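Chains A and B are the protein sequences, given in the same order.
So the first sequence is residues 63 to 338, counted in this note's numbering.
So the second sequence is residues 63 to 338, counted in this note's numbering.
These notes concern the structure reproduced below.
Number of protein chains: 2
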Amino acid sequence: MLAVERRLKVLERVAEDQAIEVSTLARDFQVSEMTIRRDLRRLERDGFVRRTYGGATTHLVRTFEVGALARTLHHAREKRLIAKRAAELTVGVRAMFLGIGTTVENFARLLPVREDLMVITPSLAVASLLGTRNVRVIIAGGLVRQDELTCVGASAVEAVRRYNTDTAVIGAAGLSARRGVTELDDRDADVIRGGLERTERIIVIADGSKFGAVAMSTVVPIEQVSTVVTDSSADTEEIERIERAGIKIVVARPETSVPRPAENGETRLTDIRTPA
Amino acid sequence: MLAVERRLKVLERVAEDQAIEVSTLARDFQVSEMTIRRDLRRLERDGFVRRTYGGATTHLVRTFEVGALARTLHHAREKRLIAKRAAELTVGVRAMFLGIGTTVENFARLLPVREDLMVITPSLAVASLLGTRNVRVIIAGGLVRQDELTCVGASAVEAVRRYNTDTAVIGAAGLSARRGVTELDDRDADVIRGGLERTERIIVIADGSKFGAVAMSTVVPIEQVSTVVTDSSADTEEIERIERAGIKIVVARPETSVPRPAENGETRLTDIRTPA
DNA sequence: TGCAGAGTTTGAACACAATCGAACACCACT
DNA sequence: AGTGGTGTTCGATTGTGTTCAAACTCTGCA
Chain A
63 MLAVERRLKV LERVAEDQAI EVSTLARDFQ VSEMTIRRDL RRLERDGFVR
113 RTYGGATTHL VRTFEVGALA RTLHHAREKR LIAKRAAELT VGVRAMFLGI
163 GTTVENFARL LPVREDLMVI TPSLAVASLL GTRNVRVIIA GGLVRQDELT
213 CVGASAVEAV RRYNTDTAVI GAAGLSARRG VTELDDRDAD VIRGGLERTE
263 RIIVIADGSK FGAVAMSTVV PIEQVSTVVT DSSADTEEIE RIERAGIKIV
313 VARPETSVPR PAENGETRLT DIRTPA
Chain B
63 MLAVERRLKV LERVAEDQAI EVSTLARDFQ VSEMTIRRDL RRLERDGFVR
113 RTYGGATTHL VRTFEVGALA RTLHHAREKR LIAKRAAELT VGVRAMFLGI
163 GTTVENFARL LPVREDLMVI TPSLAVASLL GTRNVRVIIA GGLVRQDELT
213 CVGASAVEAV RRYNTDTAVI GAAGLSARRG VTELDDRDAD VIRGGLERTE
263 RIIVIADGSK FGAVAMSTVV PIEQVSTVVT DSSADTEEIE RIERAGIKIV
313 VARPETSVPR PAENGETRLT DIRTPA
């Protein structure tokens, strides 16, 4: 069995059983416990599981990821890089609007938890990820779109428009200088547009494959975007076109300059962590 | 079992029974009493239980800051039975309000999918369960309560009050003839009360342990409840008291007609697992 | 009520077991 | 040669069981 395949299955097991032992996994997958520990450490780093003494637990809402797990783990490093880089841009932010999609979910998963942060989002996945991590979340409400589990419709738009936010972090199905930020579903686009109405700064996070792509519904023209965070696979010409429109583009690169930014914050999760 | 897992379950037991002996816990969890004492000491240090001579007690109000993990596994079979029985009572329903809690989540999981069904709920878990199963769901919206992932606050109450439903299916932390349906968190209670405002019929689903229990916030007096679905562990006297108030009580029993589907010994695992 | 004595419960201390991560070596593949 | 994955060893950490003296509860008796 491939290593990636095993990790995926490990994650499935953890999500399924809520809590599982290292020894059990090692036996079931016929590998050493050390290997399982390494797998779990990785999954913890990516925000999927919580490590505990002797095993791991999860806070994932089971029903989401199961099918989407493979997709989520794919290109995990790039996604993590983008998410981390974007998180650095939002350090002081108090009120934040978060959009939808797996990229934003990754961002939510890797966002350092802060007491003073308030998030508003139409995504059930983002809301549950942050909710279980003790971030104060407001969910839009309204009709739940079936495949993506996002809130859509008039009341959702109404809800997100009520809040003033410092920063909005959104994903995109397409991102181009000509057509701006585009989404596939127009109802999602409506809600996101509503969320951007009263925000000071718009950060778009999108992997390279979205550059130059145009989806059906325009969310905002490119000029309104403040910063785009992407990875090195993004098309250079499109990057230039967007930059010419006055938008700042941040390309997340695998920790080149800094040798190791001090891993001393290693939090042990042997204790029962309870939401205050 | 993981040590963390055991501690959570110990806490759950203390919360459920109000008071419990060290010796009982040691026997049930197959560990030495010293280990239980250490667990309890830890839980006391964190403010979850109060240590007494020979055991521990707790205050009902505090109990529910425990993670969802602890409760999901407990009484899994009973909850499944109840859910199935309750689903039978809602066959013709077009518009339904669903409450919160693991019992209701089970109900949502086992509810046969119908095209013409519309559900409104303040629970993120229920919404995602049904959303992925192609049921049309409206989620309340508002502040997300951290531990349970439920929508609370004024806008959530506002949202659920807008809809007219045929039937409401709710769980309960406590259910008694004197105090009616009670919940632990008053903000949850507010939202549920709102959801019951414009419904024609209230079905309460609650396993036996809830009978006679009284939690802090009353959701509705018992007279307004139409039907209660529970299992055979429910206290007979309390059942009678509730029935005397004119409420119909349905006791879900493990498939009576079938003699016994062969105990192949393998069945133990499925009991521990959460229902898929 | 007060009190002695039996039985139970407790926590400290110790020993042992399980689990941990770091470090190193090996392998497969590029 | 380099990269990523794996298993093994080993010292440190964490969890568990046992023993034992002290503390506590309960009961019966005055």
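Glycine included, C-beta positions come from ideal geometry on N, C-alpha and C.
Bear in mind the structure is a predicted one, so any value in this text is a computation, not a measurement.
Taking 8 Å as the threshold, the shortest C-beta distance from residue 211 of chain B to chain A falls below it.
Between residue 266 of chain B and the set B/144, B/247, B/210, the nearest pair of CA atoms involves B/144. Taking a beta-carbon distance threshold of 8 Å, residue 160 of chain A does not count as an interface residue toward chain B.
Residue 96 of chain B carries a helical assignment under DSSP once its states are collapsed to helix, strand and coil.
Within the segment 192–232 of chain B, the runs of alpha helix (DSSP H) that reach at least 4 residues and sit entirely inside it are, in chain order, 216–223.
When secondary structure is reduced to three states using DSSP, residue 254 of chain B falls in the helix class. DSSP, reduced to helix, strand and coil, places residue 273 of chain A within a strand of the structure shown.
A straight-line Cα-Cα distance of about 6 Å links residue 270 of chain B and residue 293 of chain B. Burial state of residue 178 of chain B is exposed, judged by a 10 Å Cβ sphere holding fewer than 16 other Cβ atoms. Counting only Cβ-Cβ distances below 7 Å, residue 117 of chain A has contacts in chain B at 64, in chain order.
Its Cα nearest to that of residue 310 of chain B, the residue B/148 stands out among B/148, B/227, B/215, B/257. Your pair residue 239 of chain A and residue 284 of chain A checks out as a contact, with CB atoms roughly 6 Å apart and the cut at 8 Å. Taking residue 215 of chain A as reference, the option from A/98, A/273, A/253 with the minimal CA-CA separation is A/253. A distance below 8 Å between beta-carbons, with the five flanking residues on each side excluded, links residue 196 of chain B to the following residues of its chain, in chain order: 175.
The beta strand (DSSP E) runs lying completely inside the segment 138–174 of chain A and spanning 3 residues or more are 157–160, given in chain order. Assignment of beta-bridge partners to residue 71 of chain B by DSSP yields no partner. With 16 or more other Cβ atoms from the protein chains shown falling within 10 Å of its own Cβ, residue 101 of chain A counts as buried. Between residue 65 of chain B and the set B/98, B/86, B/81, B/79, the nearest pair of CA atoms involves B/98.
The three-state secondary structure of residue 237 of chain B, taken from DSSP, is strand. Contact check for residue 158 of chain A and residue 229 of chain A: beta-carbon distance about 5 Å, within the 8 Å limit, so the pair qualifies. Within chain B, the residues placing a beta-carbon under 8 Å from that of residue 186 of chain A are 186, 189, 190, 193, 201, ordered along the chain. Under the DSSP assignment, residue 84 of chain A falls outside any beta strand (DSSP E), being part of the alpha helix (DSSP H) whose first and last residues are 84–91. Listed along chain A is no residue with a C-beta nearer than 9 Å to that of residue 281 of chain B; the closest approach is about 21 Å.
Less than 8 Å divides the Cβ of residue 201 of chain B from the Cβ of residue 213 of chain B. Approximately 31 Å separates the beta-carbon atoms of residue 289 of chain A and residue 73 of chain A; this is outside 8 Å, ruling out the contact.
Straight-line spacing of the CA atoms in residue 279 of chain B and residue 247 of chain B works out to 7 Å.
Annotation for residue 307 of chain B: 239, 284, 285 place their beta carbon closer than 7 Å to its own, counting only its chain and skipping 5 residues before and after.
The residue from A/300, A/303, A/261, A/315 with its alpha-carbon nearest to that of residue 156 of chain A is A/261. Taking a contact as a CB-CB distance under 8 Å, the pair residue 231 of chain A and residue 161 of chain A counts as one, their CB atoms being some 7 Å apart. For residue 196 of chain A, the chain B residues whose C-beta falls within less than 8 Å of its own C-beta are 208, listed in chain order. When C-beta distances to chain B are compared with 9 Å, the residues of the segment 80–97 of chain A below that value are 80, 81, 82, 83, in chain order.
Listed by position along chain B, the residues whose Cβ is nearer than 9 Å to that of residue 221 of chain A are 203, 204, 217, 221. Rounded to the nearest angstrom, the Cβ distance from residue 287 of chain A to residue 264 of chain A is 5 Å, consistent with a contact under 8 Å. In this structure residue 77 of chain A touches residue 120 of chain A by the C-beta definition: roughly 5 Å separates them, less than 8 Å. Inter-residue distance for residue 153 of chain B and residue 91 of chain A is about 43 Å (C-alpha atoms, whole angstroms).
Taking CB atoms only, residue 114 of chain A has a neighbour in chain B less than 8 Å away.
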